[in-house]
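These notes are about the structure you will find just below.
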Amino acid sequence: MSLKLAVGGKGGVGKTTITSLIARTIAAINTETKVIAIDADPVANLAAGLGIDETKPITPVSELSDLIAERTGAQPGTMGGFFTLNPKVDDIPDRFSIEKDGVKLLVMGTVQQGGSGCICPESTILKALMNHLVLARNEVIVMDMEAGVEHLGRATSGSVDALIVVVNPGKRSRVAAEKIRKLGSDIGIKNIIVLGNRVKSEEDKALIQDSMPGYEILGFLPEMDEIVASDREGRRPFDDIETIPQELKEITEKLMALDA
Ligand SMILES: Nc1ncnc2c1ncn2[C@@H]1O[C@H](COP(=O)(O)OP(=O)(O)OP(=O)(O)O)[C@@H](O)[C@H]1O
Ligand SMILES: [Mg+2]
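This note's numbering puts the first residue of the sequence shown at 377, with every later residue one more than the last.
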């Protein structure tokens, strides 16, 4: 299976929770398929949702200084000068990810200095790695994209099967969703779909639907006691992934059907 999914949305809407549940569900259904969950949020916390031990810190790719220096030919933290813009990255996903229940977690990290336009060794590695993951590999990739989609360049985003914009039934999160949708289509993601999360009633569903005419709605996830409790207790929700609610199973099946 080859499926590349990005999950975006306003802060706190449930991106990380949904990324981990979708990745775990796909891995549970397709035991033969490799699933890579990518934490592209500067404040990485996808490990918890996947049930990966957080006491051993995971070094983000952006902080693998020796590797970055070796692959680009330039020391991280430097700018300008000459270094290769297409470094070897194909071994990084397997070498620097941590696996749990068929899902490999890769933490991208963040580039400290410079803006998104910065051409420095770290951003070159991250961009090359994203390109490689999305374009060159026949796997399932689920990316937790924080609020925006800035890790995705134009070359990469054309090959993303779907940008899932998570929204809550609240006006502010919908405004952010509109921005993300614009950003997504600006960089060339063709399929942008909405997932309503923390929906408490039919009224909530109608609210999301009515306020987003023209959006394809992937589905709705209810407010779930199990997610609230797991968060409070510091464990992953639905430890036995078979016990996830039907809504989530259906959403995952719809996503798997995007595999062309
Ligand atoms: N369907 C749900 N039912 C109940 N609680 C939920 C649900 N979805 C998410 N939550 C809770 O909402 C909070 C935010 O979720 P999460 O961290 O996944 O959001 P996020 O969009 O990744 O946030 P951030 O923007 O900070 O990265 C968490 O406490 C999570 O447990
Ligand atoms: Mg998050």
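Idealized CB from N, CA, C, for every residue including glycine.
Original post:
Taking three-plus beta-carbon pairs below 8 Å as touching, is the segment 582–598 in contact with the segment 619–628?
Top reply: These segments touch.
Subject >> Beta carbon nearer than 7 Å to a non-hydrogen atom of ligand 2 >> reply: Those residues are K391, T392, D417, N421, D520, E522, given in chain order.
Subject >> Beta carbon of L379 nearer than 7 Å to that of D477 >> reply: For the purposes of this step, residue 379 is taken as the residue at position 3 of the sequence shown. For the purposes of this step, residue 477 is taken as the residue at position 101 of the sequence shown. Contact flag unset, no.
Original post:
Hey, would you say the C-beta of E609 is under 6 Å away from at least one heavy atom of ligand 1?
Top reply: Taking the sequence shown and counting its residues from 1, the one referred to as residue 609 is at position 233. Answer for E609: no, Cβ out of range of ligand 1.
Original post:
If you run the structure through DSSP and keep just helix, strand and coil, what is V419?
Top reply: Locating residue 419 in the sequence shown gives position 43, counting from the first residue. Here DSSP, grouped into helix, strand and coil, assigns V419 to coil.
**OP:** State the start and end residues of the unbroken alpha helix (DSSP H) segment that holds P598.
**Re:** The residue you call residue 598 lines up with position 222 of the sequence shown. P598 -> not in any alpha helix (DSSP H); beta strand (DSSP E) instead, spanning 592–598.
**OP:** Take every Cβ of the segment 548–555, pair it with every Cβ of the segment 427–446, and state whether three or more of those distances are shorter than 8 Å.
**Re:** Not touching, per the Cβ criterion.
Subject >> Contact test: R574 Cβ vs ligand 1 heavy atom, cutoff 6 Å >> reply: Against the sequence shown, residue 574 aligns to sequence position 198. At least one heavy atom of ligand 1 is nearer than 6 Å to the Cβ of R574, so yes.
Original post:
With DSSP run on the structure shown, which of helix, strand or coil describes N567?
Top reply: Locating residue 567 in the sequence shown gives position 191, counting from the first residue. DSSP places N567 in coil when its eight states are reduced to three.
**OP:** Within its chain, find whatever has a CB closer than 7 Å to the CB of E430; leave out the 5 residues flanking it on each side and keep chain order.
**Re:** One-based indexing of the sequence shown puts residue 430 at position 54. A423, A424, listed in sequence order.
**OP:** Along the alpha helix (DSSP H) that carries E578, what are the first and last residues, could you check?
**Re:** For the purposes of this step, residue 578 is taken as the residue at position 202 of the sequence shown. Per DSSP, the unbroken alpha helix (DSSP H) holding E578 starts and ends at 578–587.
Original post:
What are the boundary residues of the beta strand (DSSP E) that includes G384?
Top reply: Within the sequence shown, numbered from 1, the residue matching residue 384 stands at position 8. It spans 379–385 - the beta strand (DSSP E) in which G384 sits, taken as one unbroken run.
Original post:
Which whole-angstrom value is the C-beta distance of C496 and V487, which I expect to be below 8 Å?
Top reply: Numbered from its first residue, the sequence shown carries residue 496 at position 120. Numbered from its first residue, the sequence shown carries residue 487 at position 111. Right, the Cβ-Cβ distance comes to about 7 Å (below 8 Å), so this counts as a contact.
**OP:** List the endpoints of the continuous beta strand (DSSP E) containing V543.
**Re:** Looking up residue 543 in the sequence shown gives position 167. It spans 538–543 - the beta strand (DSSP E) in which V543 sits, taken as one unbroken run.
**OP:** Throw me the rounded Cβ distance for the M521 and V383 pair, which I believe falls under 8 Å.
**Re:** Stepping through the sequence shown from its first residue, residue 521 is reached at position 145. Stepping through the sequence shown from its first residue, residue 383 is reached at position 7. The distance from the Cβ of M521 to that of V383 is about 6 Å, consistent with a contact at the 8 Å cut-off.
**OP:** Compare the beta carbon distance of N567 and T532 with 7 Å and say whether it is the shorter of the two.
**Re:** For the purposes of this step, residue 567 is taken as residue 191 along the sequence shown, with counting starting at 1. For the purposes of this step, residue 532 is taken as residue 156 along the sequence shown, with counting starting at 1. Going by C-beta atoms, N567 is not nearer than 7 Å to T532.
**OP:** Pick helix, strand or coil for E522, following the three-state DSSP scheme.
**Re:** Mapped onto the sequence shown, residue 522 falls at position 146. Judged by DSSP in its simplified three-state form, E522 adopts coil rather than helix or strand.
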